[in-house]
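2 protein chains.
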Amino acid sequence: MLSEIIAVGSELLTPYRQDTNSLFITEQLNALGVQVVFKTIVGDRRPHLALAVRYALERTDIVILMGGLGPTEDDRTRESVASTLGVRIQRDTELLTALYKRYAERRTTMPDNNAKQADVIEGAEILPNARGTAPGQWLDIVFGGHRKLMMLLPGPPAELKTMFTSACLPRLRSILPEKHMAHRVLKMALLPESEVDARLAPIYTRYKDVETTILAHAAEIQLHLHSSKPTQTAAESRVNELAGKIEEEMDDLIFSSQNETLEQIVLYHLEMRGATLAVAESCTGGLLAERLTRVSGSSRSFLGGAVVYTNELKTEFADVPEELLEDYGAVSAQVAEALATGIRRKVQSTFGVGITGIAGPSGGSAEKPVGLVYIALADGQQTEVVEKRFSGDRERVRWWATQQALEMIRRKLL
Amino acid sequence: MLSEIIAVGSELLTPYRQDTNSLFITEQLNALGVQVVFKTIVGDRRPHLALAVRYALERTDIVILMGGLGPTEDDRTRESVASTLGVRIQRDTELLTALYKRYAERRTTMPDNNAKQADVIEGAEILPNARGTAPGQWLDIVFGGHRKLMMLLPGPPAELKTMFTSACLPRLRSILPEKHMAHRVLKMALLPESEVDARLAPIYTRYKDVETTILAHAAEIQLHLHSSKPTQTAAESRVNELAGKIEEEMDDLIFSSQNETLEQIVLYHLEMRGATLAVAESCTGGLLAERLTRVSGSSRSFLGGAVVYTNELKTEFADVPEELLEDYGAVSAQVAEALATGIRRKVQSTFGVGITGIAGPSGGSAEKPVGLVYIALADGQQTEVVEKRFSGDRERVRWWATQQALEMIRRKLL
């Protein structure tokens with residue numbers, strides 16, 4: 032089964048806004064065994080919209096329209112679909128009454144144009160909107176001699192998601208042949224995509240019935256494994272078998288097999304061990320602390336830390352000896368080590384992390400170029416320090432440095 | 032002039048990847064007076080790709096294809112365009128030689144399939160790729176009796192941007208009627224969109240020749256003003272006149288009129304005043320420090336700070352008296368104030384910021400609900416404390432709290 036998703040709205044054709052609803056819909060459709068083969072983004076002009084609808088009906092079986100169901104003049108999805116199908120639009124009295132009632136309950140008068148939201152395409156089923164005023168519509172029709180399913184959904188993500196899950200999914204499930212899909216995500220940090228692929232291609236290519244996708248992003252490799260089988264057990268068993276082989280090959284380089292973030296995994300291991308963590312950051316400027324505290328409940332293991340941009344603060348908050356700063360410079364293995372041990376002692380945590388480097392774009396020299404970062408991890412017995420030269424811009428250097436730190440903590444805790 | 036952008040690649044039809052190139056291309060095209068009326072995302076299958084190309088040529092004048100120019104079997108943009116146009120593909124010997132040379136220089140042998148990148152559509156001009164191996168192609172053709180421009184560009188953003196700017200823009204400028212566009216962005220923090228619109232609609236609706244777009248995102252309102260006129264001076268004078276009226280109405284609520292971020296503006300004002308800043312963050316966990324240090328050169332005014340998740344650290348790093356924590360609790364106006372004054376004294380900065388609150392989703396109570404945040408700003412003379420109840424999830428509460436802190440510093444420095 033092939034599907035097309037059409038996002039409607041002139042704002043989605045500007046440089047400032049992007050459709051993200053389609054990612055959710057795609058995930059949902061894939062799980063039903065439906066492939067998305069086109070996504071179209073179209074504005075509010077009726078002829079364009081009608082064209083997009085016609086092409087979509089000609090080339091796919093399931094057409095999902097998102098947006099353009101509101102009360103304003105720009106909301107033309109209903110009319111465009113009706114005109115493409117050559118059917119009429121009728122104002123639904125029940126919907127209209129409900130709209131008036133909604134406004135009356137809030138003791139305001141409904142603006143006249145809002146009545147438009149009670150317009151229903153001939154032959155369509157109404158999909159109630161639990162989170163807003165614009166109802167959706169479901170069409171199960173014959174077009175060009177073939178059966179086609181069409182859904183008109185509201186644009187706001189919360190409304191769209193609720194409506195799709197509650198009204199469209201059950202209908203699709205009852206129509207589509209039953210599919211059993213299994214899905215696993217394995218994650219690795221800091222490895223180059225080429226290395227992962229070279230090691231794993233000989234394994235995953237043997238599993239023709241499991242679709243393997245390698246995604247590289249932000250110092251992380253994700254392996255997505257998908258399989259579709261007559262039964263759920265069969266699908267899961269294939270995916271798990273391949274996941275097992277991959278885990279055997281990559282061993283503890285895989286930090287997550289249940290889609291957790293690296294921060295979550297580090298905090299999980301800390302908590303399991305009853306250990307605590309503190310960080311002293313220079314070039315990452317708080318990014319490591321910020322990443323850790325994104326996780327709700329992080330306060331159970333992460334105590335806090337210091338952002339020590341100046342030499343004085345390195346001494347004040349992490350007890351870095353002034354001589355060390357003078358002798359080796361703020362960006363040095365020695366200072367990274369002193370930051371890690373110092374913050375650990377000061378905060379009285381199990382582990383301490385120190386990061387110092389040159390995030391760029393300015394501040395680099397021949398001896399200490401932009402991208403040079405020292406990351407240290409202290410546990411009270413010994414301190415591990417690594418020197419890295421990250422490429423890319425300021426944002427990338429900072430991100431990779433925190434990723435390196437998190438991965439060091441994780442490996443320490445294994 | 033109407034345009035369609037086609038992003039090619041099966042990975043763009045998964046739930047994990049999204050086309051972002053089109054935002055850049057849209058901005059560039061708009062500046063030339065070309066409107067993007069469709070965006071299509073299509074996979075690697077040749078019939079689908081050919082369909083997308085044909086529809087785009089039928090409904091628009093300028094068609095931009097991005098991706099699918101590489102050496103692998105999945106790279107089928109060239110073939111699909113050629114078959115839609117009914118022309119042949121020729122292997123260009125000069126391109127081929129250049130490819131072989133590139134590999135020879137790196138002392139590696141070129142894989143056979145790479146030769147595909149030397150394939151040129153009959154009638155196309157070659158667009159050199161300064162950042163990669165896959166050249167682009169430019170077509171100026173007649174299709175269905177109308178003149179059409181087509182560009183085939185590589186998918187990697189760096190390659191695409193360089194090629195579009197260096198090769199496509201000059202060609203488009205020489206063909207398209209000269210347009211003079213002016214564009215301004217005005218930014219405001221923390222205001223509700225409805226309030227901004229209510230105050231400004233009476234002003235901007237009077238300027239029919241300036242297109243005004245209001246975008247609300249992440250505790251920030253952006254007003255985009257566009258105008259297109261026969262001369263650059265005329266366009267700029269209209270945009271500046273409207274911008275002036277808006278600035279009169281909103282006064283110092285507007286923090287930027289040159290597209291700077293709030294962090295940049297705060298650092299700019301600090302530097303102008305020769306002032307320095309330190310922060311003590313509890314619930315924002317380093318996000319404020321991280322936002323400030325995103326800006327290159329921030330070390331000139333931002334000295335650093337502390338992430339004080341535990342009560343002990345609030346005392347250790349920001350000298351918050353233990354009695355205060357006992358009497359009022361960590362989330363209180365008193366502790367926020369103590370954090371701000373304490374970190375300021377400790378770091379010896381001009382200004383100190385303290386943030387304490389409940390980011391959620393857990394940790395809230397009837398008395399101190401999730402979203403309650405105290406933000407304090409100390410300057411040595413007095414300390415300003417505000418109490419806020421932010422709605423939304425952990426990420427949103429943390430973001431709004433830092434936005435509030437930045438706006439407080441900015442207004443202090445006015």
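Sequences listed follow chains A and B, in order.
Following the working numbering, the numbering of the first sequence begins with 32 at its first residue and continues without gaps.
Following the working numbering, the numbering of the second sequence begins with 32 at its first residue and continues without gaps.
In this text, a Cβ means the ideal position worked out from N, Cα and C, and glycines have one as well.
Under three-state DSSP, which class holds residue i?
i      : result
S259/A : strand
G175/A : coil
H300/B : helix
G99/A  : coil
L183/A : strand
L170/A : strand
K239/B : coil
R458/A : The requested residue 458/A is not part of the displayed model; chain A covers only 32 to 445.
V378/A : helix
T71/B  : strand
E125/B : helix
G275/A : helix
K147/A : helix
Y405/B : strand
K132/B : helix
L445/A : coil
A165/A : coil
K218/A : strand
In chain A, which residues lie with their C-beta within 8 Å of the C-beta of residue i?
i      : result
P46/B  : L54, F55, T57, E58 and N61
E347/B : K377 and V378
T164/B : Simply none; closest approach about 16 Å.
Q49/B  : Q49, T51 and L54
Compute the beta-carbon to beta-carbon distance between residue i and residue j, rounded to the nearest angstrom, for a pair I have assumed lies under 8 Å.
i      : j      : result
G339/A : F348/A : Here residue 339/A turns out to be Val, not Gly, going by the sequence shown. Indeed, because the Cβ distance is near 6 Å, the residues count as touching under 8 Å.
G64/A  : L207/A : 7 Å
K179/A : V94/A  : 7 Å
T433/A : L308/A : In fact, because the Cβ distance is near 13 Å, the residues do not count as touching under 8 Å.
I294/B : L126/B : Strictly speaking, residue 294/B in this sequence is Glu, with Ile absent from that position. About 45 Å; that fails the 8 Å criterion.
L183/A : L100/A : 6 Å
T57/A  : P46/B  : 5 Å
S258/A : D240/A : 6 Å
S327/A : S287/B : Not quite, the Cβ-Cβ distance comes to about 33 Å (not below 8 Å), so this is no contact.
A266/B : M303/B : With 8 Å as the limit, A266/B and M303/B do not qualify as a contact, their Cβ atoms being about 31 Å apart.
D92/B  : S53/B  : Not a contact, Cβ separation roughly 17 Å.
So, are the CB atoms of residue i and residue j less than 8 Å apart?
i      : j      : result
V216/B : H255/B : yes
L428/B : L408/B : Rather than Leu, the amino acid found at residue 428/B in this sequence is Val. Cβ atoms of V428/B and L408/B: not closer than 8 Å.
T334/A : S380/A : Per the sequence shown, residue 334/A should be read as Leu rather than Thr. Contact: yes.
R372/B : S313/B : The sequence given here places Thr at residue 372/B; Arg does not occur at that position. Result no, Cβ atoms of T372/B and S313/B do not sit closer than 8 Å.
A113/B : I152/B : yes
V270/A : L44/B  : no
I234/B : E280/B : yes
F382/B : I296/B : no
T108/A : N144/A : no
A83/A  : I37/A  : yes
I252/B : E224/B : yes
S329/A : L355/A : no
A81/A  : S111/A : yes
V2/A   : I374/A : Residue 2/A lies beyond the range of chain A shown here (32 to 445); nothing can be said about it.
L200/A : Q59/A  : yes
Whose Cβ in chain B lies nearer than 8 Å to the Cβ of residue i?
i      : result
A337/A : G335, G336, A337, V338 and F348
G328/A : S393
T71/A  : F69, K70, T71 and I72
Taking Cβ-Cβ distances shorter than 7 Å, what residues in chain A pair up with residue i?
i      : result
G74/B  : V68
E321/B : G316, G317, L318 and E321
L82/B  : R90
H177/B : Going along chain A, no residue has its Cβ under 7 Å from H177/B, so there is no contact; the nearest lies around 16 Å.
Just the chain B side, please: which residues come within less than 7 Å of residue i by C-beta, in chain order?
i      : result
Y86/A  : Y86
T341/A : L334 and G335
Residue i versus chain B: which residues are under 9 Å apart at the beta carbon?
i      : result
L246/A : E42, T45, Y47 and R48
Query - Three-pair Cβ contact test at 8 Å for the region 176–193 of chain A versus the region 209–224 of chain A - result: No: fewer than three Cβ pairs fall under 8 Å.
Query raised in the report: Looking at C-beta atoms only, is the number of pairs between the region 324–341 of chain B and the region 405–419 of chain B that lie closer than 8 Å three or more?
Result: no
Report task. Would you be able to state if there are at least three C-beta pairs under 8 Å between the region 364–377 of chain A and the region 389–407 of chain B? Result -> With the cut-off at 8 Å, the region 389–407 of chain B and the region 364–377 of chain A do not touch.
Query raised in the report: Is the number of C-beta pairs between the region 136–148 of chain B and the region 158–166 of chain B that are closer than 8 Å three or more?
Result: Output reads yes: the region 158–166 of chain B touches the region 136–148 of chain B.
Query raised in the report: Are there three or more Cβ pairs, one per stretch, closer than 8 Å when the region 71–79 of chain A is compared with the region 65–73 of chain B?
Result: yes
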